[in-house]
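There are 2 protein chains.
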Amino acid sequence: MTGRRITPTIKDVAERAGVSKSLVSLVMRQADNVSDERRRAVLEAARELGYRPNAMARSLVSQKSHVIGVTVSDLHNPFFTDVVDGIAAAAEEYGYRALLNSGDRIAMREERAVETFLQLRTDGVILLGTVIDDAAIDRIGRETPLVLASRASRSKLVDSVATDDHAGSAIAVEHLVELGHHRIAHITGGSGAGARSRTRGFLAAMKRRGLADRARVVEGDYTEAGGIEGVDRLLSEGPPPTAVFAANDQAAIGALRALSEAGLHVPGDVSVVGYDDTYLAAFEHINLTSVHQQRVSMGKAALQLLLERVDEGRTDPRHLTLQPALTVRGSTAPPRPETR
Amino acid sequence: MTGRRITPTIKDVAERAGVSKSLVSLVMRQADNVSDERRRAVLEAARELGYRPNAMARSLVSQKSHVIGVTVSDLHNPFFTDVVDGIAAAAEEYGYRALLNSGDRIAMREERAVETFLQLRTDGVILLGTVIDDAAIDRIGRETPLVLASRASRSKLVDSVATDDHAGSAIAVEHLVELGHHRIAHITGGSGAGARSRTRGFLAAMKRRGLADRARVVEGDYTEAGGIEGVDRLLSEGPPPTAVFAANDQAAIGALRALSEAGLHVPGDVSVVGYDDTYLAAFEHINLTSVHQQRVSMGKAALQLLLERVDEGRTDPRHLTLQPALTVRGSTAPPRPETR
DNA sequence: GGGAGTCATTGGAACGTTCCAACAACTGGG
DNA sequence: CCCAGTTGTTGGAACGTTCCAATGACTCCC
């Protein structure tokens, strides 16, 4: 006999405690009209047997899992893991458990990741920074309560929480202009999430300051390599900018590298601003001024929106916008007088 | 009527297709002795209704979830997320789905995270870098197939995969000694995972090279601040080392910063070696020589070990050790002749 | 032409819970 | 002293599947 251990069920506990399984169920759910005597007996029997409620059986009949699924676009992006912290903390607070998944920024994989949660019948789903297209999102929104985090939306079926990226770019431009910069370049995030708004916000802010003709935009892709390439292109064509605003921190770090290789000092010769204010920007060795997003709040808000649907049955869509701020560090300073 | 949508069940599909629910079940599980005619009818009915199998009901009766739970110590650590990639890729390959959890490096929370998986009756659990103590691990190992990743163990009940940290430190020391360094200092990882082995490995390697009396060790804690403080202490007491070996990349980055603040150039005046070879080390702006661990392989191996238990019923423990390697970048070079 | 064997299909039990209606044993008020 | 109400407890139906033994319809071979 290999001692094939079988996990005890509610029935085993009931037998050992000499009560019905219904009563065990009541005790496990902390019901209050149970006599102290029986409660003690049940709890002791459960402890002795090492009983652990079967969550599947539970939610199969109660039609409630107290689990919410979170599909994260990219677990390697420190921005997203901070949002996850907010989600997990809020979930804990409300008595839910968050389970994670990743789709590696590939729409098809992300959809399969979500499918896992749909089959598991989680109480709801949060999509964090995913690249799944709008049609698919509405399809999923019809099947389960759904919230989009770090992604703006106008869907009638789902909620969303995102940072006002247009405003974020404006803050960065204002900061640079106030330092005295005019020739400001922007390295975009390509087709990445929020990249379009960041670029539009940059152009609008420059225009508002009467600097539309000084603005330059080069394509990037939210990566270090994209930042390097962007700076190389900026330096090889026309007069060098006195400031570079990159669409995220990683691209900004690439820009730092390319500038230093070109013999330019930051912030002496060129100022650099990033976006996301990840812990990378905070490394003293990098020390990057960056547009800050309320990451943990974003996670909390996403979960709260979801629970409004799950617990209170709200069905009309809500779309939240969070305001960005600027974290000023050592990579920005007034331009040299002669280059202005 | 609010149109409270009810998710269709296998029974609804059966009715619409005009067959028994057993047959629908067979079709859904891709059984092969089903006539093409019925199969088509079932699939069409399922599609029309938007049927999606209920994973809970499924695994309740089949006693198999095809889901494995992964409790990650710290999602913000890029080392762990790479291991997760390996786990997820291997899971996909074998037809399993990996769900994640985090315990934020707090033993109690980590245990609760695992408890979630135990209640969900996942087919197995992987603990990635968790700080849960050995007694608790054995307790969990008695309840479910369990593998420890990025943590050595001698437990009789669970498997483990970890890098040979003793050897990793030796590689770093060998590299520095071959470059000509003698006064080599080590900044430890404090009470962090694997820190003890790394420090012991450093001391052993120095001794082997006859440099025991040149070795210096200062306490750190796997953080940037720890690295800064470590270097400050090294510089304020006795002759400065010509090389610093930090217990992880973040501490090494702190060391870089402190050295540059002290007016010392890397690698001209002092060489620096990190550990983990995370993408931080690869940033061209940082460009850190670092001890590389096989992260993705570690994840794959962890999942394979787990499935040997789940699918093949292995119960005797296996403990794997992966060999580290050195990724040489720009932070190491021969010492200046006069300082040797 | 009958028995053995294959093949496609089926109904009902089972999985481990919660839910609900029903019940027994009290308590208290008129 | 009876009836209504409360409190604690119970058995069985239900949740949505899989599993299994059983069934009927064929085919094949002697």
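In the order they appear, the protein sequences are chains A and B. Everything in the first sequence is counted per our numbering, starting at 1 for the first residue and increasing by one. Everything in the second sequence is counted per our numbering, starting at 1001 for the first residue and increasing by one. Glycine residues also receive a C-beta, built at the ideal position from the N, C-alpha and C atoms.
Three-pair Cβ contact test at 8 Å for the stretch 1152-1159 of chain B versus the stretch 1172-1189 of chain B | no
Can you check whether the CB of T289 of chain A is closer than 8 Å to the CB of G254 of chain A?
-> no
Taking only beta carbons into account, state which residues of the stretch 1080-1107 of chain B come closer than 7 Å to chain A, listed in chain order.
-> T1081, V1084, A1088, R1097, L1099, L1100, N1101 and S1102
A1017 of chain B at chain A interface by Cβ criterion, 8 Å | no
8 Å Cβ cutoff met for V231 of chain A and A195 of chain A | no
Would you report the Cα separation of G1018 of chain B and V1027 of chain B, rounded to the nearest angstrom?
-> 14 Å
Please say whether R1105 of chain B and Y1084 of chain B have beta carbons closer to each other than 8 Å?
-> The sequence given here has Val at residue 1084 of chain B, not Tyr. Taking 8 Å as the Cβ cut-off, V1084 of chain B and R1105 of chain B do not qualify as a contacting pair.
Cα-Cα, which of B:V1024, B:D1276 and B:L1256 is closest to S1331 of chain B?
-> B:L1256
Chain A contacts from the stretch 1222-1239 of chain B (Cβ-Cβ distance under 8 Å) = E1224 and I1228
Taking the C-alpha atoms as reference points, what is the distance between V1266 of chain B and R209 of chain A?
-> 42 Å
So, is S150 of chain A buried or exposed, given that buried needs 16 or more other C-beta atoms within 10 angstroms?
-> buried
With C-beta atoms as the reference, is S1073 of chain B less than 8 Å away from E1115 of chain B?
-> no
Specify the secondary structure class of G3 of chain A as computed by DSSP and reduced to three states.
-> Confidence in G3 of chain A is poor, its pLDDT being 39 and thus under 50, which makes the residue's placement unreliable; the coordinate value appears in the next sentence. Here G3 of chain A sits in coil by DSSP.
Cβ of V67 of chain A within 8 Å of Cβ of L23 of chain A?
-> no
At a cut of 8 Å, does the stretch 196-208 of chain A reach the stretch 232-240 of chain A through at least three beta carbon pairs?
-> no
Distance CB(R1052 of chain B)-CB(L211 of chain A) smaller than 8 Å = no
What whole-angstrom Cβ distance do V291 of chain A and D277 of chain A have, given they're in contact under 8 Å?
-> 7 Å
Sort A:A172, A:V70 and A:N54 by Cα distance to V273 of chain A and report the nearest one.
-> A:A172
Could you name each continuous alpha helix (DSSP H) segment of 4 residues or more that falls completely within the stretch 275-328 of chain A, going from the start of the chain to the end?
-> 279-282 and 295-312
Does H1181 of chain B come within less than 8 Å of chain A when only Cβ atoms are used?
-> no
Is there a Cβ from chain B that is less than 8 Å from the Cβ of L303 of chain A?
-> no
Bridge partners - V1217 of chain B, DSSP secondary structure assignment = B:H1186
In the structure shown, what three-state DSSP assignment does D134 of chain A receive?
-> helix
Minimum C-alpha distance to R47 of chain A - residue among A:P78, A:T71, A:A14 and A:A57 | A:A14
If you follow the beta strand (DSSP E) that V1034 of chain B is part of, which residue opens it and which one closes it?
-> First-last for V1034 of chain B: undefined, no H or E at that position.
Could you check where the alpha helix (DSSP H) with G1226 of chain B kicks off and where it finishes?
-> E1224 to S1236
Quick one: using the 10 Å Cβ neighbour count with 16 as the cut-off for buried, is V328 of chain A buried or exposed?
-> exposed
Taking 8 Å as the CB-CB limit, is Q119 of chain A close to chain B?
-> yes
Curious, which full-length beta strand (DSSP E) runs of at least 3 residues does the stretch 36-120 of chain A contain?
-> 67-72 and 97-102
Shorter than 8 Å from the beta carbon of E1111 of chain B to some beta carbon of chain A?
-> no
Would you decide whether K1064 of chain B is buried or exposed? Buried here means 16 or more other CB atoms lie within 10 Å of its CB.
-> exposed
Under 7 Å by beta carbon: chain A residues contacting E1048 of chain B | The contacting residues do not exist; E1048 of chain B stays about 15 Å from chain A at best.
Could you name the residues of the same chain whose beta carbon sits closer than 8 Å to that of L1322 of chain B, not counting the 5 residues immediately before and after it, in chain order?
-> V1161, A1162, T1163, D1164, Q1293, Q1294, S1297, M1298 and A1301
Look up V13 of chain A in the DSSP assignment and say whether it is helix, strand or coil.
-> helix
Does F245 of chain A get closer than 8 Å to chain B when you measure Cβ to Cβ?
-> no
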